[in-house]
Amino acid sequence: MAFLQKLFQQSNEEKGFKPAPAVETGYLGTVKADPNFNAQNDAAKLKKAIETKGVDEATIVEVLAKRSNAQRQQIKAAYQQSAGKPLADDLKKALKSDFEEVVLALLMTPPEYDAFEMKRAMKNLGTNEKVLSEILGTRSNKEITALKNTFKEVYGEMLEEDIKCEVKGDLETTLVALCKATRSEDRNIDDGMAKSDAKALFEAGENRIGTVCSVLIDILTNRSEAQLCKILQYYGQLSKDGLAKDLEGELHGSFEDCLMTLVKSAWNKPAYFAEKLHLAMKGLGTNTDTLTRIIVSRSEIDLLKIIQEYKRMYGKTLQEAILKETSGDYEKILLALCGTQ
């Protein structure tokens, strides 16, 4: 639980988790709809690129990374109509490795991609709890509802039931609570409630160690992100290290990571994703799954802000980090999705 204490220390520094502006205006994605879009022409270009000897990857990048998700859905339909088979199937046969992963991710709708990533995180031996926390902890109620519906359509299973089979304890309680998609999204802040919640967190840490997890889960999974920021500010006034010190030994591993996701995402969502991207490329080996998931899923939401936060936090651009850590067509498509800024 030292992350709460650390968060407030960092917020006063030039780098680290500064609170995000209350309301952002304008389009914050890096991928925009092509104004001269023609689905049939793009489908024909892709067919030719796939059938070219050795595959024309440059055209695949140029078409798919420079179209909005809605336009890609139209390209898929046009390809199916003209070629008589799914575009994804032909691309699977033609491509490989990380480049293939990005291309196939771009062809899915956002709810399909979220559902795919959730399923993959629970599919093999050992569940990737970090992915479950990242997706459920950063999506809106509308996005989580769409994810659940798509999960049921595609896999014939209830997302909540899959989670219950794969995760246990406090982490299960937290993820299932988020899965309900009933979290407040009210932008108005209730000052009195924020003070009361901050006090509840403080008292749970000071006097009731045994129930602290339930208090934390209740507050973090029900309050809006704006409300949560206010709660964290009041908590910082009540105690510099009370909660952090008392709970440090209580929380660990995936449960702590899940709560960190909720706190950091409320405080500054683009900074949260910037940190995830940095950690994915830090040290030996690059976590391409994380790199692909964040860049693709945020490309029409807030990737522009994530890029800005990355530069502020780490002193270099995300594009520079991608150039250093990746190569080939995978590098090219990621850079195309990040844009030129």
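Residue numbers (my numbering): 2 to 342.
The beta-carbon is built from N, C-alpha and C at its ideal position, and this holds for glycine as well.
A Cβ-Cβ distance of about 16 Å is found for the pair L105 and A122, leaving them out of contact under the 8 Å criterion. DSSP places S266 in the uninterrupted alpha helix (DSSP H) bounded by 254–282. When only Cα atoms are considered, E58 and T110 end up about 22 Å apart. For the pair K265 and Y235, the CB atoms are not nearer than the 8 Å cut-off. P20 sits in coil when the DSSP states are folded into three classes, being neither helix nor strand. If you draw a straight line from the Cα of K270 to the Cα of M314, it is about 13 Å long.
The Cβ atoms of I307 and F274 sit closer than 8 Å to each other. Taking every protein chain shown into account, the CB of P112 has 16 or more other CB atoms within 10 angstroms, so this residue is buried. Between D330 and V32, the C-beta spacing is not below 8 Å. When DSSP states are grouped into helix, strand and coil, K54 belongs to the coil group.
Taking C-alpha positions only, G30 is separated from L305 by approximately 5 Å. Burial is judged here by how many other beta carbons sit within 10 angstroms of a residue's own beta carbon; L319 has at least 16 and is buried. Each of P87, K149, E173 was checked against the Cα of L260, and the nearest Cα belongs to E173. Per DSSP, I218 is one residue of the alpha helix (DSSP H) stretching across 213–223. Below 8 Å, too few C-beta pairs join the stretch 35–49 and the stretch 252–259 to call them touching: fewer than three.
Looking at the backbone, the Cα of N288 and that of A281 are separated by about 5 Å. Between L126 and P36, the alpha-carbon positions lie close to 45 Å from each other.
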